[in-house]
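Top line first, the protein sequences correspond to chains A and B. Sequential numbering from 1 applies to the first sequence in my numbering. Sequential numbering from 1001 applies to the second sequence in my numbering. Backbone N, C-alpha and C define an ideal beta-carbon position, used for all residues, glycine too. This one's a predicted model, so the numbers in the text were calculated from it and none came from an experiment.
Number of protein chains: 2
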Amino acid sequence: MRAVDIIMKKRNGAELSDVEIRFLIEGYVKGEIPDYQVSSLLMAIFFKGMTPAETASLTNIMLNSGDRMDLSGIAGPFIDKHSTGGVGDKISLPLAPIVAACGVKVPMMSGRALGHTGGTLDKLESIPGYFTSLELSAFRKGIIEDGFAMTGQTSRVVPADKKLYALRDVTATVESIPLITASILSKKVAEGADGIVFDVKCGSGAFMKTLDDARSLATSLVATGSAMGKQVVAVLTDMSQPLGYKVGNFLEIEETLDCLEGKGPGDVMELVYRLGSWMLVLGGVAKNLDEGRVRCEEVVASGEALDLFYRNVSRQGGNIAEMLYRRNTWRSEHVRELRAERSGYLSSIDALEIGLAGVYLGVGRNRTEDAVSPTAGFVFNKKRSDRVEKGELIATLYGKDEESLEPAYTMAASAISISDSVPPASALILEEITSQ
Amino acid sequence: MRAVDIIMKKRNGAELSDVEIRFLIEGYVKGEIPDYQVSSLLMAIFFKGMTPAETASLTNIMLNSGDRMDLSGIAGPFIDKHSTGGVGDKISLPLAPIVAACGVKVPMMSGRALGHTGGTLDKLESIPGYFTSLELSAFRKGIIEDGFAMTGQTSRVVPADKKLYALRDVTATVESIPLITASILSKKVAEGADGIVFDVKCGSGAFMKTLDDARSLATSLVATGSAMGKQVVAVLTDMSQPLGYKVGNFLEIEETLDCLEGKGPGDVMELVYRLGSWMLVLGGVAKNLDEGRVRCEEVVASGEALDLFYRNVSRQGGNIAEMLYRRNTWRSEHVRELRAERSGYLSSIDALEIGLAGVYLGVGRNRTEDAVSPTAGFVFNKKRSDRVEKGELIATLYGKDEESLEPAYTMAASAISISDSVPPASALILEEITSQ
C-alpha cells in the first residue's frame, strides 16, 4: 500500500476503505507517513468530502489513538451535550445540573475560549477557587455523587486530533464537514457518553455562518454518530446575536445562577429546556420532549438543580459564599457605555463582532496561551427587536484595562444596527435533526 | 503575508497575485515554507486551476530559481521543440539538423527515458562514443558552428521544478494542467529559445490520454508561453500507436538516418516536416507552412541535414564509421518473434503497452538510476490498418537478456488487436493551437 495511491483515490472522488484510512492516519500519528502527504490528502478531502462510512472510520481511528474516559462501574445513562461554539453561550453551565437532577449522568468535558467564541472552562474558573483539571477518580466521584462533573480534556484524549488539527490549521483545511465531524465526534465518544445532543450554532457568531452549512454539519454528526452506535440528535440554533444579556466569564456565572433560579433570560431558558429535554429523551428518562420539559422545569422550580450546581462548585474547589457575594457587583473598574445613536428598533447585535470586541475586553483570547479576565464583558440592556430611544443605554462594556475599551467600543458599536421598523421575528431553534 | 491565507485564497477559487505565488514558491525553494503547506496548495491548484497570469507568474518564478542558458552573442533565431513524450518518438533527432540546415538555431535540451516513454539522450548515447553532457562553451560552439547541439539539463536549471516535481510525485498532484505547464515552460524558456513548437501527444502512449486533456494542456502552454513573450505553437499528435517501425535506442538512430536520407517511415516524415515547418515559420525563415515544408524537403534531398547530423555526432564524440557499420545489424542476441494469431487487419498496436514492454526489454527504465540497453527494442513489420495473415511476422523483440523476453512478449501480444474489417482511418496530426 502506498500513501500516494490513497491520496490519488480520494482526489479522484472514490471511497477509501477503513484499511486505507487507517494506513494513512495511524501512520501519520506514528510518524511513518510524512505531513506533506497528509496535508494533500486533507485538501483532497476538503474538495471531495467523505462518505458516512469513511467519516466513521476516520473518527474511530482517531478515537483509538488515545485514552477513553473509563466510566465502568457507574450506572448510566450517560448523555453529553456539545456546542459548536458561540457568544454568550453559557448553556452547559445550567444544563448539566438540570439534566443530572433529572437522573441522567452528564460526563462533561469542555473547552476554552478561542477567537470570538467563549469557553466553559474559563467561565467556571471565574468562580473563586474553582478548578477544572480533574483527575479521573475525582471526575468519576463527581458523576457518581452529583450526577455530573466538569473538566477539560487531557492531552491523552485523541492525540490524533491534536496532530491533525494543528496541520489543518496551517494548510487551510479546517472547514471540511467530515474532518470537523471526526474531530468533534472522536473527542465526544472518548468521553464515554451513550448519547450526545449537538447544539449546532448558525449565524455570524457561529463557525457555520449559513443554515445550509450548519445543516450539513448537523447531518454529518448525526449520521456518523449513529453509524458508531451512539444516540445522536442535533439542534440547529441561532447565533446571529449573543445568547442572554451577559457576555463574559463571571458575568455568565451570574446568568447561570439566574437560570437555575428559574429567572434566566428567555432565550437561555428556552435553549436549556430544549436541549435538556432531548438529553432526557436520549437517556430514556423522559418518553418525549414534552415530558422532558416538564421534568426540567420541575427540578428548577424545586431548587434541586441549583443545589446540584452548588455541590459541584464546592466539590471542584469553588467558594460558594464568595461567588454569591460577588454576584451582580464584581465588575472591572474600566467601564464604557454604549448608547443608541438614534431612536428606533434594534435590528442587529452582531454576535461575531461582539465576540471579537470581547477578545479586546479580555473575555476571550486570540492565542491559547493568553490569559482571560473574570470581570470583563458586556451587560446588555436591550436585545434584538427592542425599542430604543436616542441616547438610551444599550450595553455596558467592562474591559481588562483602560486601553482595551476604545477598540472594543468601536467594534461593538459597529455590531449594533437600529432600524425604523420592528425587524422581522426570528426563531432561536431553527431545526432539529435526528437519526430517523 | 501568511502561507495559510494564500492557500485558502486558492482553495476558495480566487486568483493569486505574483507576490503571493512568489512568497510561497521562493520560500519553499529556500526552505522557509514547509512542504506540507506547499503540498496542500498544490492539491488546491489541482482542483481550482490557475489563470494564464498565475501560470505565467509561477513559470517565471520557477525559471528564475536557477541558471538560464546564455546564448548571448550568437545570432538567432533560436527555436526549440518539446514533445510531451511518447513511444518510438525519435522526432527530435532528424528534426534538429533539418531545421538547423534551414538557418534556424536549435538549442536542444532533452531528457531520458522514464516509464513507458523513451528518451532522446538515451537514443543519442547508443551511438558509440556520443556524450550528452556538454559544457556551456561546447554547447554554444555546436550551435554556432552546426546550428544545433544536443545536451541534457544540468541540476542548476530550474531547481524549483526538481523540488516541486518530487513533492507532486508523492502527493498525487502531478496531473494538473497549470503545474505541468509551468514545469515544461520554465525549463524550455531557461534554454533561451525565442520560440517553441510543442508536440502534445494524445492517446494511450501519451501523458494526456484524451483529446480534451491534450487540448487543455496545449492551450495552457500556448497561452502561458505567449504571456511570457515567447512565440509558441502546439501541435496535437496521435500517440495511440508507436511512431515509425522501430522502438529502441540504437534502433531509432537507424530510423533517424533513414529520415535524413528522405526514406523514413511515413508517419515520422510527416511529423518531422510539420514540426520543422512550424519552427521555420516561428523563426521567420519561412513565410508560411508550405514554404517551410519545401525548405525542409530541400535540405533532406540535398543531404545538408544529414551532413549536419554527422557533424554533430562527430562533435559530441560519436564514431560515425562505427554507427554506420552497426546500422541495421546491431541487435541483441535475445530475440523473440511476435506473429499474428489470426488473419485480419491490425486494428491496434497499443503504444502504452509497447512502451511498458520496452521497459522489460531494456529500452526504457522504471527508476532514473536504471541503465538502458542500446540494442534492445522492437522492429515492426506491420503498422495499424495493415493486412496480416495468420502466423505472419508483426514484430521482432530484442531483449537486454533472455529473461526479459517472456514478460515483454506477453505485454506486447496484449497490445495487438486484429479485426476482420479495415479499422477506420485515423489522423497523425489532430489539431494545431496558435496564440492567435
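- Message: Please list, in chain order, the chain B residues whose beta carbon lies closer than 9 Å to that of A:Val4.
- Response: Asp1169, Val1170, Thr1171, Ala1172
- Item | Segment limits, beta strand (DSSP E) that includes A:Ser421 | Where A:Ser421 is concerned, there is no enclosing beta strand (DSSP E), given that its DSSP letter is neither H nor E.
- Out of B:Pro1094, B:Pro1052, B:Gly1119, B:Gly1103, point me to the one whose CA is closest to B:Thr1368's CA. When only C-alpha atoms are compared, the closest one is B:Gly1119.
- Item | Cα-Cα separation, A:Leu236 to A:Lys209 | 12 Å
- C-alpha gap between A:Asp67 and A:Val158, whole angstroms: 7 Å
- chain B partners of A:Thr44, CB-CB under 7 Å? With the sequence shown as reference, residue 44 of chain A is identified as Ala, and Thr is not the correct amino acid for it. Within 7 Å Cβ-Cβ: Met1043.
- Message: Out of A:Ile349, A:Asn12, A:Asp386, A:Ile7, which one is the CA nearest neighbour of A:Gly205?
- Response: Comparing Cα positions, the closest option is A:Ile349.
- Task: Taking only beta carbons into account, state which residues of the region 1011–1028 of chain B come closer than 7 Å to chain A, listed in chain order.
- Result: So the close ones are Arg1011.
- Message: Between A:Gly362 and A:Gly399, how many whole angstroms is the CB-CB distance? I'm expecting something under 8 Å.
- Response: Confirmed, Cβ separation roughly 6 Å.
- Query: Would you say B:Tyr1036 reaches chain A, if we count a Cβ-Cβ gap shorter than 7 Å as a contact?
  - Reply: yes
- Note down, in chain order, each residue of its chain lying with its Cβ closer than 7 Å to the Cβ of B:Ala1351, except the 5 sequence neighbours on either side. Gly1086, Val1087, Gly1203, Ser1204, Gly1205, Met1239, Ser1240, Gln1241, Pro1242
- Query: How is the beta strand (DSSP E) around A:Lys246 delimited, first residue to last?
  - Reply: 246–248
- Task: Can you say whether A:Leu136 is buried or exposed, counting buried as having 16 or more other CB atoms within 10 angstroms of its CB?
- Result: Around the beta-carbon of A:Leu136, fewer than 16 other beta-carbon atoms lie within 10 Å, marking it exposed.
- Measure the alpha-carbon distance for B:Ser1426 versus B:Val1379 and round it to whole angstroms. 22 Å
- Message: List, in chain order, every chain A residue whose beta-carbon is nearer than 7 Å to that of B:Ile1007.
- Response: Thr171, Ala172
- Item | Counted within 10 angstroms of its Cβ, other Cβ atoms place A:Leu217 as buried (16 or more) or exposed | A:Leu217 should be labelled buried.
- Item | B:Ala1395 - containing alpha helix (DSSP H), residue span | Unbroken run through B:Ala1395 is the beta strand (DSSP E), 1393–1399; no alpha helix (DSSP H).
- Proximity to A:Val170 [Cα-Cα], best of B:Asp1035, B:Ala1193, B:Val1200, B:Ala1286: B:Asp1035
- Task: Tell me B:Leu1338's beta-bridge partners as DSSP assigns them.
- Result: B:Ala1395
- Within its chain, find whatever has a CB closer than 6 Å to the CB of B:Arg1327; leave out the 5 residues flanking it on each side and keep chain order. Glu1254
- Message: Checking the sheet assignment: what are the DSSP bridge partners for A:Met108?
- Response: A:Met150
- Listed by chain order, chain B residues near A:Phe47 by CB distance under 7 Å: Phe1047
- In the region 1207–1262 of chain B, which residue ranges form an unbroken alpha helix (DSSP H) of at least 4 residues, counting only runs that do not cross its ends? 1211–1227, 1250–1260
- Message: Here's the rule I'm using: 16 or more other beta-carbon atoms within 10 Å means buried, otherwise exposed. How should B:Arg1295 be labelled?
- Response: With at least 16 other beta carbons inside 10 angstroms of its own, B:Arg1295 counts as buried.
- Option in B:Asp1258, B:Ile1074, B:Gly1129 with minimal Cα separation from B:Gly1303: B:Asp1258
- Task: Kindly say whether B:Ser1183, judged by its beta-carbon, lies nearer than 7 Å to any beta-carbon of chain A.
- Result: So no, B:Ser1183 is outside the interface.
- Test item: CB-CB of A:Ile394 and A:Ala357 under 7 Å: no
- Query: For a contact meaning CB atoms closer than 8 Å, what does A:Ser40 contact in chain B?
  - Reply: Ser1039, Ser1040, Leu1042, Met1043, Thr1171, Ala1172, Thr1173
- Message: With distance defined between alpha-carbon atoms, name the residue in B:Arg1140, B:Met1411, B:Val1299, B:Pro1424 nearest to B:Pro1097.
- Response: B:Val1299
- Whose C-alpha, out of B:Val1029, B:Leu1338, B:Ser1040, is nearest the C-alpha of B:Ser1065? Per the Cα distances, B:Val1029.
- Close-in-space but distant-in-sequence residues of the same chain around B:Arg1168 (CB under 7 Å, 5 per side omitted): Hits under 7 Å: Leu1042, Val1174, Leu1179.
- Pairing CB atoms from the region 261–270 of chain A with CB atoms from the region 137–144 of chain A, are three or more of them under 8 Å? no
- Cβ atoms of A:Ala56 and A:Met228: under 7 Å apart, would you say? yes
- Message: Could you check whether B:Ser1133 and B:Asp1161 sit closer than 7 Å to each other, using their CB atoms as the reference points?
- Response: B:Asp1161 is not a Cβ neighbour of B:Ser1133, given a cutoff of 7 Å.
- Query: What is the DSSP secondary structure of A:Lys187, counted as helix, strand or coil?
  - Reply: helix
- Message: Please identify the residue among A:Ser72, A:Ala412, A:Asp70, A:Lys201 whose C-alpha is closest to the C-alpha of A:Glu337.
- Response: A:Ala412
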